[in-house]
Amino acid sequence: MWPYVLKRILWFIPTLFAVTLIGFILLANAPGDAVDSLVMSSNSGGSLKTTQDIEQQKTYWRKQLGLDLPLFYFSICKLSEPDTLYKIHDETQLEKVNEQIKTTEGYRNYLPKIVWYGSSNQYHRWLFGGFNSKGIIRGDFGLSISKKEPVIVIIKDKLIWSLFFSILSIILAYAISIPIGIKIAQQPESKFSKSSQFILFLMYSMPSFFVGVLLLMLFANPDILSIFPPSGIKPIEGYYDHASLIEKFIVSVPYMILPLICYTYSSLAFITKLTATSIQEQLQLDYIKTAKAKGLSSNSIIWKHALKNSALPLITVFSTVFPSIVGGSVIIESIFTIPGMGLETVRAIIAQDYPVVIAIITLSSILTIFSYLLADILYAWIDPRIRITK
Amino acid sequence: MKSLLYPLLFILSITFTSSCKKTQSNTLVVHLLSEPDDMHPTNGASAVRAEINLYTNLSLLRVNYKTGELLPCLAKSLPTVSEDGLNYSYELKDNMTWDDNSPITANDIAFTTKASKCLYTNNIGLKPYWENIDDIIVDSKNNKKFTIKMKRPYILNTWFWTDFPIVQAAFYDKQNVLAKYSNAQLTDSTFLKSKQDIKQWADEFNSPKYSTDTQFMSGAGPYKITKWDKGVSITLEKKKNHWSENCQENWYCQANPDKIILKLNNNNASALLELKNGLIDVSTMIDYSSFTELSKDEAFKKDFTLKLADTYNYTYVAMNMKPDGKKHKKLFTDVNVRRAMALLTPYNQINKTLYENNNKQVVGPISPNKIDFNADLKPLEYNVEQAKELLKQAGWADTDNDQVLDKMIDGEKTKFEFNINFISGSKVWEDLAKQLAESFGKANIYVMLNPLDYNGFFSSVTGHSFDMSISAWQSSAPPEDFSQLWSSASWANNGLNFTGFGTPQSDALIDSINTCMDEPKRIALSKRFQKLVYDEQPYIFMFTQTRRVIVNKKWDNLEIYTEYPGVLLNTLKLKD
Amino acid sequence: MNIKQSYSFFKRILSKNRVLKRCVYVFILFVFISILAPFIANDKPLVCKYKGLWLFPVFSFKHQSIVNNEIINYNMAKDWKTLETDFAIFPPCAYSPNTIDADNAPRKSPFDNQTMTLKNGQTTSLPLKYKHWLGTTQNGNDVLSCIIHGTKTSLSVGIFSMLIAGLIGILLGACAGYFQDNTIKIGYIQSIFLLLSLFISYFFCFIIRANHLSEAFKEGGLGMFFQILLIIYIFIQNTFILLKLGKWIDEKLKTNHRFYFPVDTIISRTIETLNSIPTLLLIIALSAISKPSYSLLIIIIGFLSWTSIARLTRAEYLKAKQLDYVTSCRAIGMSNYRIIVKHILPNVLPLLLVQIIFGLAGAVLIEASLSFIGVGVPLNTITWGSLLNEARDHFSAWWLVVFPGICVFTLIFIYNKIATEISKIK
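Chains as they are written, first to last, in my numbering: chain L, -10 to 379; chain H, 169 to 744; chain D, 18 to 443.
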């Protein structure tokens, strides 16, 4: 077992790197100048006295954010370009220099060269830490541009809410769809099976934003039915002091129901169908027939034997459902104003706060990768054959 | 399936009992549209922060909301001014103290000034406001007395103090570093380079804990920020055993609700639902059509007071009068064209669709609600034919029959097509831009919408890299200083003069307004200036903004003011 | 499979399965609506007679006509309705999506009393032929017209992005599944040349042509698509030439050290990496980097959602490779290309089609979701999602939720239904 697990973990390292690299490329190509925004972002913005002050501030922030470093370990560039071109940040100046190179250097403009910068570069600093940064491997995602706070401080609480919702909704989805799936597998032709399958299929095709807005319109609206609170995740006054975790949970239950419905309903069809087909397959097998012949009740056969053996596909579903739920949180959280990662993403995109956006993308990708890893290991743990064949 | 039904019923029963009910405590819940970026006492600048500071901090002077005049707050009375209008002598009140019961002294005022003026502190946008203060001289015998020396006479020399909270020197500068240096030294960049202790203090002072951590927020006001749940709410609590207890004489020391919760919700619809559910007590931010909808709802009106209140703010569409000619074509350099654009704006339609006919049309650079408003200027009316005529006079014609006007500018055939910039995320401005685009299209002008984030928008307008942009001007009770928006120096320094308006004459007029201490004379000059702007038409002046005040009737003592924020939350009283 | 065969194949399927038949009909209806949108919903009349002259404003390529020295500008929006024509036939929905009807703004419900102002300033209730059947938006845009014109966006985003995704997915999936890690052998010199070709192509595309590229991406539209095609072409061409060259050198030098090129591993790893990034988040981030446009959105969705198709293709090719007909093909020395395209592909295509149609539903959902949160989509176009976005601020405007919501739902539903029904046939 352990060699297999180790092998899987080793295989995941390059994927992790690739994901961080994609995140970094996005960050490096983000529109707007982070330093500009940091220096200029004050809402009153009176006239600045000296441009010298601004330049000083900009240099300071550039150093703080590590933007004075080259982008990557190496760079592929024109033979004619000097190695230190990355040190020019002013766009007009850069244009001038480029123009000059273009006109004076001739054929050297069309030949490539590789410049090696070593580990003192933005990606390395971003990933492993460096001057003024601990790197994302130690949980430091840099500074939010609009809030001037460390990104991780902003994200931390939001991540917890988002994770809470996604995990709860996955559990809920399993809890609802496995019994239905079994019912369908037992009597595929019954009225219940047909109608539930059809309803689930309808739900599967419903866009979550449509359902979310409808739910709010119907069940949080004093004009129609005011059962649930319309927004937020806890009472306006907050939790009372010294509330235990369970008490907090109970107080928050009414706030969670509508979002949870939204999170859950679309994955029901998928899991139900999978449960039904895999249990049907199991029911055809000999050992079930033997068990039946022995006189075991049909319910206990299914719950004790068939379900255990059809758990495999259900586990794989977990790793496909998870990323879609994380993505879906953008929509659902902005409908129900849940202070989670999705809502933060929308805010950050509108404010062009790219470090936050990239941190959220990278973090959720890493989480997804770990969920894959978990599924793989669970898979191997349940079905020993996999360790050998894979 | 029956087994599923019971837990479901159980959950439903919890929700029925626990949702939609608010405890009847002395807690005021206020709807907040957006969160302040930070709560730093001197570095931050967002409007929400200013509102919170009204309750958590005190400043030297405050605005008397009823009369719109100055009201002494920390100061005993309004200052005595020297003959030349440069020296302002103040004396502080005796009964006011900081949270640790130490008295508020002139040193705190001096510290606030130094901290704001010091080049190392992180308030670049605010520094120009402090520019005019030369020095603060504390009376050597009485540390409650001091004189502020200004560099030049200016109408806002006293009004200036209403905006800035006074901070405690002992709290923000424990080593007492700044006291050692003078204002002149702190603004001298060569001197500062050698002083490590100032740098150290500034790094500490700029650090995020003072802007985000409630433990590190201190002020002299009757309320204290006790909790800031990011993205959810900000809680202000009334201080216990505070000097302001039972103080009712002036608004700034009143503290009637025990707790004020500012609840963040930037979604209009769910805020509306919260209001209807009685979860929010006060809102001034709900949008116009929702307000109209609510004011027709009899059941809602039973519980809530709904009032529309004037403000000093107005919206406008700025046109670039001095574009570079390359990236942005010289479209609006001709006053006829600018006038034509103003005539092409469907004012009535916009007022109806976006503002439910609640807003007044603005004609010049000042809100009609202010005393120095020039009522002789006539608002423009939507008139396509006249606009077409003006465009024709300016040389624009559709020569190639492609439905877009064109003209030879600097030997190059230029089409009349451009971008309208506005800040993304605001539905009203998006709709406004769409309506403008449609209306300009009727005169064969092609318009593209260009939503930008706040920083992008701001740098585009201050960098003069735009054609047309929609924005709003937030004004307040003090006399208007036109230099920020209209002086040519402000344009040259990338200030708030986006359009490039300004001639030597207008600059001279602004200067004489800014130094005129005689009110009737100033009003006359201001009216002249408004006429000047009206004739040049650098903006399409749109509408005043109206505050949509909704307050739960269980709160008494409601008064609505024109000045921001419209409702003073601390003065509201819970009905018995 | 030629056209005639596939036609008869589809005909057979359709006649067998009634549900599928109905779904396909609804889909065709959507396609017709999207093509005929300008003739179904337009603020200009189809035909009108003005002062004795017949005009055909909808069909005309001209922008204006001169009638008795009076210039009639065709773009005068709702003024057509107050023009005193002798005779006029309007399209069934007499509004364009961008027409602002200030009389019926903000947000008139279908059951509200809708009004119109005549030329003399009088207000009357709206005649039935001009009625806003599904209500209006804040700006007074007609919802029905917006829905009709929005069909085009929803359909085209889905179809074009899945065209891209399908091409990439099938190509890469087939390569991974057919060649695996143990088919293609390359020499050392060749492998060095492969790296070299990537390096040169990268230099050529992204360094030398950097300016063109960034400009094209700023502009968006077809220019950007062309640039992407050019990049792909440069990469393929360089790789092809240098691989051949490397092979030639290898043969000349008679180096016998050859190793297997891990096609499958590379592609599978790429799929895994892309799959672990939440697609919607990535699309939001990417589409906000450049100026929002639908062509950019199509490309982004296309380039991100090929993974599921590729995975399926890979699995099918793996299976097919074990089958007798493929082994016999290889035994007679048929070229790999021929086996992949001519022999395996037709057999697995119906199954891939199912996956692609599911992908269509996903793409529609992504586009609508983005419009709903108002990120990464151009503002000028009103789509189903953006109508719902408008309802987000005003729940009392139920017609802005229900009608566009039902449209999105219907389209996704028929896509999903068609896909499941086809998969049942297999």
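Beta carbons are placed, not taken as given, at the ideal position from N, Cα and C, and that holds for glycine.
No experiment lies behind these values; they were computed from the predicted model shown.
Taking just the CA atoms, how far does residue j sit from residue i?
i: asparagine 587 of chain H; j: serine 255 of chain L; result: 41 Å
i: leucine 5 of chain L; j: serine 353 of chain L; result: 11 Å
i: leucine 742 of chain H; j: phenylalanine 389 of chain D; result: 40 Å
i: leucine 83 of chain L; j: threonine 73 of chain L; result: 12 Å
i: glutamate 236 of chain D; j: lysine 308 of chain D; result: 7 Å
i: arginine -3 of chain L; j: proline 312 of chain L; result: 20 Å
i: tyrosine 163 of chain L; j: leucine 207 of chain L; result: 26 Å
i: threonine 185 of chain H; j: serine 215 of chain L; result: With a pLDDT of only 47 at threonine 185 of chain H, under 50, the local geometry of the prediction cannot be trusted, and the value read off the model is given with reservation. Threonine 185 of chain H and serine 215 of chain L: Cα-Cα distance of roughly 12 Å.
i: histidine 274 of chain D; j: glycine 186 of chain D; result: 32 Å
i: leucine 285 of chain L; j: histidine 294 of chain L; result: 11 Å
The beta strand (DSSP E) spanning residue i covers which residue range?
i: aspartate 303 of chain H; result: 301 to 306
i: glutamine 713 of chain H; result: 707 to 720
i: leucine 70 of chain D; result: 70 to 72
i: tryptophan -9 of chain L; result: Note, tryptophan -9 of chain L: premise wrong, no beta strand (DSSP E); alpha helix (DSSP H) at -9 to 17.
i: valine 629 of chain H; result: Unbroken run through valine 629 of chain H is the alpha helix (DSSP H), 622 to 630; no beta strand (DSSP E).
i: alanine 477 of chain H; result: 472 to 487
Inspect the beta-carbon positions of residue i and residue j and report whether they are closer than 8 Å.
i: serine 227 of chain H; j: leucine 242 of chain H; result: yes
i: tryptophan 723 of chain H; j: aspartate 449 of chain H; result: yes
i: proline 619 of chain H; j: phenylalanine 666 of chain H; result: no
i: leucine 205 of chain L; j: leucine 247 of chain L; result: yes
i: glutamate 442 of chain H; j: asparagine 434 of chain H; result: no
i: aspartate 410 of chain D; j: lysine 595 of chain H; result: yes
i: lysine 145 of chain L; j: aspartate 206 of chain H; result: no
i: leucine 133 of chain L; j: valine 140 of chain L; result: A small correction: the amino acid at residue 133 of chain L is serine; leucine does not occupy that position in the sequence shown. It is a contact, given that the beta carbons lie within the stated cut-off.
Taking the alpha helix (DSSP H) that residue i belongs to, which residues open and close that run?
i: histidine 166 of chain D; result: 160 to 196
i: glycine 317 of chain L; result: 300 to 325
i: cysteine 346 of chain D; result: 341 to 348
i: tryptophan 416 of chain D; result: 416 to 442
i: proline 224 of chain L; result: That residue, proline 224 of chain L, is in no alpha helix (DSSP H); it is neither H nor E in DSSP.
i: leucine 726 of chain H; result: Unbroken run through leucine 726 of chain H: none, as it is neither H nor E.
i: leucine 246 of chain D; result: 239 to 270
i: glutamate 337 of chain H; result: The displayed chain sequence assigns alanine, not glutamate, to residue 337 of chain H. Per DSSP, alanine 337 of chain H belongs to the alpha helix (DSSP H) from 337 to 340.
What in chain L is Cβ-close to residue i, meaning under 7 Å?
i: asparagine 433 of chain H; result: Ser220, Thr326
i: tyrosine 442 of chain H; result: As written in the sequence, residue 442 of chain H is glutamate, which differs from the tyrosine given in the question. Near glutamate 442 of chain H (Cβ distances below 7 Å), the residues of chain L are Pro219, Ser220.
Is there a C-beta anywhere in chain C that falls below 8 Å from the one on residue i?
i: asparagine 300 of chain H; result: Annotation note: the requested chain C is absent from the structure, which comprises protein chains L, H and D.
Residue i versus chain H: which residues are under 7 Å apart at the beta carbon?
i: glutamine 341 of chain L; result: Asp621, Asn623, Gly624
Report the neighbours of residue i on chain L: residues whose CB is nearer than 9 Å to its CB, in chain order.
i: proline 123 of chain D; result: Those do not exist, as proline 123 of chain D stays about 18 Å from chain L at its closest Cβ, beyond 9 Å.
i: valine 701 of chain H; result: Those do not exist, as valine 701 of chain H stays about 19 Å from chain L at its closest Cβ, beyond 9 Å.
Starting from residue i, find everything on chain D with Cβ-Cβ shorter than 7 Å and list it in chain order.
i: alanine 7 of chain L; result: Thr290
i: methionine 192 of chain L; result: Simply none; closest approach about 10 Å.
Which bits of chain D does residue i rub up against, with CB to CB less than 9 Å?
i: serine 458 of chain H; result: Asp410, His411, Ser413
i: aspartate 455 of chain H; result: Asp410, His411
So with CB distances below 8 Å, who are the chain H contacts of residue i?
i: glutamine 155 of chain D; result: Ser457, Thr521, Leu522, Lys595, Asp599
Is the region 525 to 543 of chain H touching the region 618 to 636 of chain H, taking contact as three or more C-beta pairs under 8 Å? no
Between the region 600 to 619 of chain H and the region 559 to 573 of chain H, do at least 3 Cβ pairs fall closer than 8 Å? yes
Count the C-beta pairs between the region 362 to 381 of chain D and the region 152 to 168 of chain D that are closer than 8 Å, then say yes if the count reaches three, no if not. no
Any chance the region 347 to 360 of chain H sits against the region 329 to 336 of chain H, with 3 or more Cβ pairs inside 8 Å? no
Are the region 373 to 390 of chain H and the region 404 to 423 of chain H touching, with three or more C-beta to C-beta distances below 8 Å? yes
Okay, do the region 300 to 316 of chain L and the region 82 to 97 of chain L touch, 3+ Cβ pairs below 8 Å being the bar? no
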